[in-house]
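All residue numbers for the sequence shown refer to the working numbering, where the first residue is 0 and numbers rise by one. For every residue, glycine included, the Cβ atom is placed at its ideal position computed from N, Cα and C. Since the structure is predicted, the reported quantities are computational estimates derived from the model, not experimental observations.
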Amino acid sequence: MIGRTMSAIIGNPLTAPTRAWDRFFALWISRKHNIDVVGRLILNGRPLIDIRKESKLYIGDRVTLNSRNRGYHVNMHSPVKLFADKPGAVIRIGDNTRIHGACIHAHESIQIGNNCLIAANCQIFDGNGHDISFPDVENRIHTSGKSTPIRIEDNVWIGINSIILPGVTIGRGSIISANSVVNKYIPPMVIAGGNPASVLAEHHIGHRLKSG
């Protein structure tokens with residue numbers, strides 16, 4: 000009773016105009032010249048997307064970009080952010096992947112497979128932003144640093160508040176626990192976590208996932 004009363008007072012956050020706006024914005028994204036959308040793009044709220052000239056964003060079928068604070072994502076800090084701001088930079092998101100309030104920033108290449116789950120407030124970036132070498136610290140503020148591609152394979156689940164650093168590959172079917180910092184290769188079908196992330200356990204259901 001109280002729930003119904005409160006809904007009547009504050010309104011349904013997913014009204015028909017809201018859903019119509021989400022569909023319109025998804026259509027607008029799919030028609031941008033440097034964004035390729037294959038199939039249906041599902042938006043909840045408005046993501047921030049900045050794909051610069053000579054860069055590219057590929058979005059597979061039935062991808063969900065959730066930028067709306069509701070349900071168990073009520074504590075998201077910000078909307079989904081997809082940035083590719085270097086010439087030739089590429090972000091590729093596979094079919095049926097769901098991204099909730101995460102920041103994905105490519106200087107070179109970030110590939111996310113099919114059926115992945117990326118939880119709220121995750122950060123995935125393939126560059127350091129500035130040079131990390133010590134001999135030239137005085138010029139660090141003026142440098143952009145080195146970038147190294149990131150690959151997240153199919154069926155990966157990345158927990159809330161995790162950070163994926165340059166050069167990382169996360170193997171198929173693996174889970175990254177919440178608040179992890181991943182700075183090295185994670186093999187398939189494991190649970191990994193910590194700072195820096197390490198393998199905590201192995202799945203025992205590998206036979207259920209047939210190789211593609």
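Coil, strand or helix - residue i by DSSP
i: THR63; result: strand
i: LYS183; result: coil
i: CYS102; result: strand
i: ASN160; result: coil
i: GLU107; result: coil
i: ASN43; result: strand
i: ALA83; result: strand
i: ARG96; result: In the sequence on display, residue 96 carries Thr and not Arg. Looking at THR96 - three-state DSSP - the assignment turns out to be coil, as it is neither helix nor strand.
i: GLY172; result: coil
i: ARG150; result: strand
i: GLU201; result: strand
i: ALA118; result: coil
i: ARG91; result: strand
i: VAL36; result: strand
i: MET0; result: With a pLDDT of 42 at MET0, under the threshold of 50, the predicted position of this residue should be treated as unreliable, though the coordinate-derived value follows. Coil at MET0, not helix or strand.
Own chain residues within Cβ distance below 7 Å of residue i, not counting five before or after
i: ARG39; result: ASP60, ARG61
Nearest residue (CA-CA) to residue i, options the options
i: ILE98; options: ALA119, LEU164, ILE151; result: ALA119
i: VAL189; options: ASN182, SER176, PRO195; result: SER176
i: ALA196; options: ARG171, HIS202, GLY172, ILE157; result: ILE157
i: ALA101; options: SER108, HIS202, ASN65, ARG69; result: ASN65
i: ASN114; options: GLN122, ILE92, ALA200, LYS80; result: ILE92
i: ILE34; options: LEU47, GLY44, LEU56; result: LEU56
i: PHE82; options: GLU53, ASN154, ILE174; result: GLU53
i: HIS104; options: ILE90, ILE174, VAL198, LEU199; result: ILE90
i: ARG69; options: ILE48, HIS202, ASN43, LEU47; result: ASN43
Same chain, Cβ closer than 6 Å to residue i, neighbours up to 5 away in sequence not counted
i: THR63; result: ILE41, ARG97
i: GLU152; result: GLY112, GLY170, ARG171
i: GLY166; result: THR147
i: HIS106; result: LYS85, ALA88, ASP125, GLY126, SER146
i: THR168; result: ARG150, TYR184
i: GLN122; result: CYS102, ILE162
i: GLY116; result: Before going further, note that residue 116 is Leu rather than Gly in the sequence given. Correct list, in chain order: ARG97, TRP156.
i: LYS80; result: LEU47, CYS102
i: HIS202; result: MET188
i: SER108; result: VAL89, PRO148
i: GLY211; result: Here the model assigns GLY211 a pLDDT of 43, short of 50, so the residue's position is not dependable and the matter cannot be decided.
i: GLN110; result: ARG91, ARG150
Residue i vs residue j beta-carbon contact at 8 Å
i: ILE162; j: ILE149; result: no
i: ASN178; j: ASN160; result: yes
i: ILE58; j: VAL37; result: yes
Own chain partners of residue i with C-beta closer than 8 Å, once the 5 adjacent residues on each side are dropped
i: HIS76; result: GLY100, ALA119, ASN120
i: ALA200; result: VAL189, ILE190
i: ASN95; result: GLY59, ASP60, ARG61, VAL62, ASN113, ASN114
i: PRO186; result: GLY170, SER173, VAL198
i: ILE1; result: The predicted model places ILE1 with a pLDDT of 42, which falls under 50 and marks its position as unreliable, so this point remains unresolved.
i: ASN194; result: ASN178, SER179, VAL180
Heavy atom of the ligand PLP within 7 Å of residue i beta-carbon
i: ASN194; result: What this structure holds is no ligand at all, so the ligand PLP is not there to describe.
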